[in-house]
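Position in the sequence shown (first residue = 1) + 266 = this note's numbering. Below is one structure, written out as structure tokens; comments come after it.
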Amino acid sequence: MSKAFASQADLTDKKITFTQLSPNAYAYTAEGDPNTGVIVGDNAVMVIDTQATPVMAEDVIRHIRTVTDKPIKYVVLSHYHAVRVLGASGYAPEHIIASRDTYDLIVERGEQDKASEIGRFPRLFSNVETVPPGMTWPTMTFNRKMTLWMGKLEVQLLQLGRGHTKGDTVVWLPQDRVLLSGDLVEFDATPYAGDAYFKDWPQTLENVAALKPVALVPGRGPALLGEEQVAAGLRETGGFIADVRRSVEEGVAAGKDLNAVYKDTFAKLKPKYGHWVIFDHCMPFDVTRCYDEVTQYPDPRIWTAERDRQMWETLEG
Ligand SMILES: [Zn+2]
């Protein structure tokens with residue numbers, strides 16, 4: 267029997283956890299669904315990654331209102347993926363901030379990505395009619411580093427290198443030593459690498475580690491508390507990326523086509539990582555992108571709803 271496309275068979279709601287990580291930082295997590303970070307400054311609130319729809323954003327706001335009544339002034343997009351950004355309007359923020367590279371990706375492929383992701387995640391997009399038409403446009407962009415002062419609280423937005431996408435941004439609180447990583451780091455969840463840079467990702471994780479965070483909010487999975495858990499999150503994400511790349515490189519060197527490389531890689535990685543959420547969903551996209559990078563496409567090709575289906579049919583049909 268062939269597998270249901272992407273996450274179309276995943277229809278069970280997840281349990282939400284809202285965890286305080288430091289005097290100023292909170293993690294909104296949901297058993298492997300996309301996470302949202304919350305920073306409470308002296309006079310305003312910052313939300314990092316918005317959830318998939320304004321209806322889902324309302325639940326984040328309900329949790330924020332249990333700890334502060336300060337205005338939600340800033341939304342930060344860690345990267346351009348629809349499942350992270352389309353809830354933005356729900357916060358009515360003064361500013362939406364993203365790296366210039368993320369802005370460029372929204373211009374180049376935002377529309378296609380929106381249609382593609384809505385097809386992949388029917389549960390997360392169950393209130394998709396509440397998403398405003400068009401794209402979620404940043405009101406402010408930066409290159410490499412931006413520092414915001416939320417009163418006395420210093421908040422750094424950093425591009426530490428490419429990984430999950432070209433535009434990956436992490437949010438770093440130097441005083442609290444808390445880091446919000448977006449999908450650059452996952453925990454108990456399979457890294458999605460369909461738009462990734464496999465060669466760059468491990469070094470970018472080392473750059474995250476060099477900051478020595480004591481708490482980290484991954485893109486999916488529980489908040490990581492303490493240096494040991496942070497190190498485990500970085501090690502396991504990097505290990506998965508390295509394992510996919512090694513397997514694909516070996517297959518390409520042996521002259522195998524994408525289909526054969528996919529089947530080999532899936533079989534090799536399933537025992538080690540098959541228990542992570544969205545493993546079956548991610549693997550065809552991850553192996554396809556890695557095969558592209560190893561063979562002839564330095565930059566990720568655009569996924570469209572149609573290309574998603576064709577790829578799935580070829581590898582899983
Ligand atoms: Zn993503």
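For every residue, glycine included, the Cβ atom is placed at its ideal position computed from N, Cα and C.
What span of residues does the beta strand (DSSP E) with residue 452 cover, start to end?
Taking the first residue of the sequence shown as 1, we reach residue 452 at position 186. No beta strand (DSSP E) contains residue 452, which DSSP labels as neither H nor E.
List, from N- to C-terminal side, the alpha helix (DSSP H) runs of 4 residues or more that fit wholly inside the stretch 295–328.
none
Measuring CA to CA, which of 549, 284, 543 is closest to residue 527?
Here residue 527 is taken as the residue at index 261 of the sequence shown, counted from 1. Closest by alpha carbon: 549.
Where residue 405 falls, given that 16 or more other Cβ within 10 Å makes a residue buried
On the sequence shown, position 139 is the one that residue 405 refers to. With fewer than 16 Cβ atoms within 10 Å of its Cβ, residue 405 is classed as exposed.
For residue 500, the three-state DSSP class (helix, strand or coil):
As a first step, residue 500 is located in the sequence shown; it is residue number 234 there, counting from the start. Three-state result, residue 500: helix.
Taking residue 464 as the reference, give the member of 430, 438, 321, 562 with the closest Cα.
Position 198 of the sequence shown, counting from 1, holds the residue named residue 464. Comparing Cα positions, the closest option is 430.
How far does the alpha helix (DSSP H) with residue 549 in it reach, from first residue to last?
Counted from its first residue, the sequence shown places residue 549 at position 283. Looking at the DSSP string, the run of the alpha helix (DSSP H) that includes residue 549 is 545–561.
Below 8 Å on the Cβ atoms is my guess for residue 466 versus residue 427; work out the distance and round it to an integer in Å.
Numbered from its first residue, the sequence shown carries residue 466 at position 200. Numbered from its first residue, the sequence shown carries residue 427 at position 161. Correct: roughly 5 Å between the Cβ atoms.
Under a Cβ-count criterion, where at least 16 other Cβ atoms within 10 Å of its own Cβ denotes burial, should residue 436 be classed as buried or exposed?
For the purposes of this step, residue 436 is identified with residue 170 of the sequence shown, where counting begins at 1. The residue is buried, with at least 16 neighbouring Cβ atoms inside 10 Å.
If you measure between the beta carbons of residue 475 and residue 481, is that distance less than 8 Å?
Translated into the one-based positions of the sequence shown, residue 475 becomes position 209. Translated into the one-based positions of the sequence shown, residue 481 becomes position 215. No, Cβ-Cβ distance for residue 475 and residue 481 is not below 8 Å.
Any non-hydrogen atom of ligand 2 closer than 7 Å to residue 347 Cβ
Ligand 2 is not among the ligands present in this structure, which contains only ligand 1.
Only counting the same chain, and skipping five residues up and downstream in sequence, which positions put a Cβ closer than 6 Å to that of residue 270?
Within the sequence shown, residue 270 is the residue found at index 4, counting from 1. Once the five neighbours on either side are set aside, residue 270 has no close Cβ partner at all.
Pairwise C-alpha distance: residue 486 and residue 537:
Translated into positions along the sequence shown, residue 537 becomes position 271. Translated into positions along the sequence shown, residue 486 becomes position 220. Answer to the nearest angstrom: the Cα atoms are 21 Å apart.
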